[in-house]
Amino acid sequence: MPSPRRSEGAPRRRRSHAERTAETRERVIQAVVESIAEIGYQRTTSAQIARRAGVTWGAVQHHFGDKDGILVAALEASFARFAELLSPVPSRDESLESRVSRFVERSWEHFGSAHYRSTFEILLNLPPDLEPSWQNGMLDAWTRIWSRYFPDSRVSRRRTVDLMHYTISVLSGLAATRMLEGGGGSVRGTELSFLEDTLVRELSREA
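In the numbering used here, the protein residues as written are 10 to 216.
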């Protein structure tokens with residue numbers, strides 16, 4: 010009589026509590042991003058978020074506290090995506106022009122995406138009490154990325170901050186224009202070239 014057939018392959022590993030928590034948080038954040046991108050911020054309700062994530066609203070509250078907590082988490086996830094796009098950092102041996110070109114190209118990959126469209130709507134509707142802390146945190150993170158790309162810059166600290174604000178303003182402005190065009194606008198090559206030229210010129214200056 011043949012012996013019972015043994016199942017093939019290794020037994021499925023049971024996920025840890027930390028892994029399940031991370032997976033749930035990721036699903037909720039993705040649900041927020043997708044919902045805002047598809048139907049807008051105002052129509053993205055708690056019920057909509059929970060349905061898309063496949064969890065109860067109670068589970069969402071357990072992980073994020075309230076809707077403000079979800080929004081902040083979505084913004085943090087968006088910036089983490091941006092930081093990932095801008096790594097690995099180019100070598101200091103590369104020319105300034107090459108580093109600026111890569112920086113602008115990868116930045117626009119984020120700002121021109123549907124993912125940023127959701128981030129933009131969240132920023133427009135962020136509660137006033139959350140704005141200062143978020144803005145300071147974003148500027149700190151942006152500064153770290155900037156300094157890795159342009160560590161040899163001799164531009165003053167004040168001028169560097171102005172350049173970072175200018176770059177963010179140009180990229181977010183182009184993203185807003187693309188949204189008004191329905192997301193099907195051009196790649197904005199001319200405008201991005203203008204931004205690159207400005208950064209190369211300003212970063213070449215002495216302090």
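From the three backbone atoms N, C-alpha and C, an ideal C-beta is built for every residue, glycine too.
Rounded to the nearest whole angstrom, the CA to CA distance from Phe73 to Ser104 is 44 Å.
Leu84 counts as buried, since at least 16 other C-beta atoms from the protein chains shown sit within 10 angstroms of its C-beta.
Straight-line spacing of the CA atoms in Val81 and Leu180 works out to 21 Å. Cα atoms of Leu201 and Ile45: separation of roughly 26 Å, rounded to the nearest angstrom.
Closest in C-alpha terms to Ser178, from the list Asn134, Phe129, Glu93, Lys76, comes Phe129.
Membership of Gly49 in any alpha helix (DSSP H) is not indicated, and neither H nor E is assigned to it by DSSP.
For Ser55, the enclosing alpha helix (DSSP H) covers residues 55-62. Remark: C-beta atoms of Arg115 and Leu95 approach each other more closely than 7 Å.
Cβ neighbours of Glu43 within its own chain (closer than 6 Å, five residues either side excluded): none.
Between Ala62 and Ala40, the C-beta gap is smaller than 7 Å, which places the two residues in contact.
Sorting Ile154, Ala185, His174 by C-alpha distance to the C-alpha of Phe88 places Ile154 at the top. The Cβ atoms of Ala59 and Thr65 lie closer than 7 Å to each other. Per DSSP, the unbroken alpha helix (DSSP H) holding Arg111 starts and ends at 105-120. Ranked by Cα distance from Val37, the first of Ser25, His71, Gln51 is His71. Take Phe159, set aside five residues on each side of it, and the residues of its chain with a beta-carbon closer than 7 Å to its own are Arg108, Leu212, in chain order. Assignment of Phe91 by DSSP, reduced to helix, strand and coil, places it in the helix class. Distances from the CA of Glu118 to each of Arg90, Arg101, Val164, Arg23 were compared; the closest alpha carbon is that of Arg90.
In this structure Glu205 touches Ser110 by the C-beta definition: roughly 6 Å separates them, less than 8 Å.
Assignment of Thr65 by DSSP, reduced to helix, strand and coil, places it in the coil class.
Approximately 7 Å separates the beta-carbon atoms of Leu208 and Thr176; this is inside 8 Å, confirming the contact.
Between the beta-carbon of Ala86 and that of Thr33 there is about 14 Å, and that puts the pair past the 8 Å contact cut.
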